[in-house]
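Residue numbers for the sequence shown follow our numbering, beginning at 9 and rising by one. No residue lacks a Cβ here, since even glycine has one placed at the ideal position from N, Cα and C. Keep in mind it's a predicted model, so treat the numbers as computed, not measured.
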Amino acid sequence: MSTSSDVAGAPGGLLQYVRRRLGLAGLLLAAVSLPVSVAHAQLPTYDVGRAPTAGEIEAWDLTIPPDGEGLPPGSGTAALGKQVYEERCAACHGDKGEDRKYNALVGGQGTLATDKPLMTVGSFWQYATTLWSYTRRSHPIDEPGSLSADQVYAVTAYVLYLNTIIGEHDVLDASTLPQIRMPNRDGYVPDPRPDVGWTSKVVVR
Ligand code: HEC
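Here it is as structure tokens:
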């Protein structure tokens, strides 16, 4: 079986190699060796779709990185978020975020290295901005995108408050949210595998 380095090093180069292996006629080889721009011009077009508008891109480009870049104006506290939580979240996650039917949102701190790790926002997540970002993008899961920025700040504050990470009246906004230090912030290390890029994995300790 040839490898790609065999191909690259084959006498006469790639086209001769292909000809040898596949016995392709000169006609096809001529087409293969056409300049890229000509080949592109010959691609069929189907007259469907259009370039997205700036507004459409903005509506989909919702990921907020750990430094909070892109967080919109608005604010909220746990005291305000309690109502949002009870109306929009509790049915699936339990009154205090404890229900494991889907995902518990609260508890589990200190359990990651035990036989029964409980991975929650409070025990496992690295950045508070992820909670904001995830909630805005995907939740409530039956009505994603329906919460206002103020409601997302408030319900994020409430989930963090239930995890005893912030106080009931601490105000979350674009500047305070990225400053929150999550309990498992240092529980991750860069993944050294060269093929996976800059991702990270959890250190269980
Ligand atoms: C209709 C049920 C439902 C409602 C209502 C709901 N969730 Fe969820 N939630 C889910 C399900 C199901 C998942 C798991 C999704 C997955 O794994 O992809 C989830 C996952 C999550 C997670 C990720 C947990 C983790 O550790 O992976 C968070 C955070 C969360 N929900 C927060 C909320 C908040 C905040 C609200 C209210 C604004 C809410 N959810 C309302 C069903 C719901």
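Thinking Asn171 and Gln134 are a contact (beta carbons under 8 Å), I'd like their distance in whole angstroms, please.
As a position in the sequence shown, residue 171 is number 163, starting the count at 1. As a position in the sequence shown, residue 134 is number 126, starting the count at 1. That pair is no contact at about 14 Å.
Could you check how far apart the C-beta atoms of Thr143 and Ile72 are, in whole angstroms? I think they sit under 8 Å.
Residue numbering aside, residue 143 sits at position 135 when the sequence shown is read from its first letter. Residue numbering aside, residue 72 sits at position 64 when the sequence shown is read from its first letter. So it is not a contact: roughly 10 Å between Cβ atoms.
As a quick check of your reading: which residues have a C-beta less than 7 Å from at least one non-hydrogen atom of the ligand HEC, in chain order?
For the ligand HEC, the selected residues are Val92, Tyr93, Arg96, Cys97, Ala99, Cys100, His101, Tyr110, Asn111, Leu113, Met127, Thr128, Val129, Phe132, Trp133, Leu139, Tyr142, Thr143, His147, Pro148, Ile149, Asp150, Leu155, Val163 and Val167.
Quick check on Trp133: does DSSP put it in helix, strand or coil?
By one-based count along the sequence shown, residue 133 stands at place 125. Reduced to three states, the DSSP call for Trp133 is coil.
Identify the continuous beta strand (DSSP E) that holds Val197 and give its terminal residues.
Residue 197 sits at position 189 when you count from the first residue of the sequence shown. For Val197, the enclosing beta strand (DSSP E) has its first and last residue at Tyr196 to Pro198.
For the alpha helix (DSSP H) containing Tyr93, list its first residue and its last residue.
As a working mapping, residue 93 is identified with position 85 in the sequence shown. Looking at the DSSP string, the run of the alpha helix (DSSP H) that includes Tyr93 is Ala86 to Arg96.
Grab me the residues of Tyr169's own chain with a C-beta within less than 6 Å of its C-beta, minus the 5 sequence neighbours each way, in chain order.
Reading the sequence shown from its first residue, position 161 is the one you call residue 169. Counting only Cβ-Cβ distances below 6 Å, and skipping sequence neighbours, we find Ala86 and Glu176.
In three-state DSSP terms, what is Gly170?
What you label residue 170 is simply residue 162 of the sequence shown in a count that begins at 1. Strictly speaking, residue 170 in this sequence is Leu, with Gly absent from that position. Three-state DSSP puts Leu170 in a helix.
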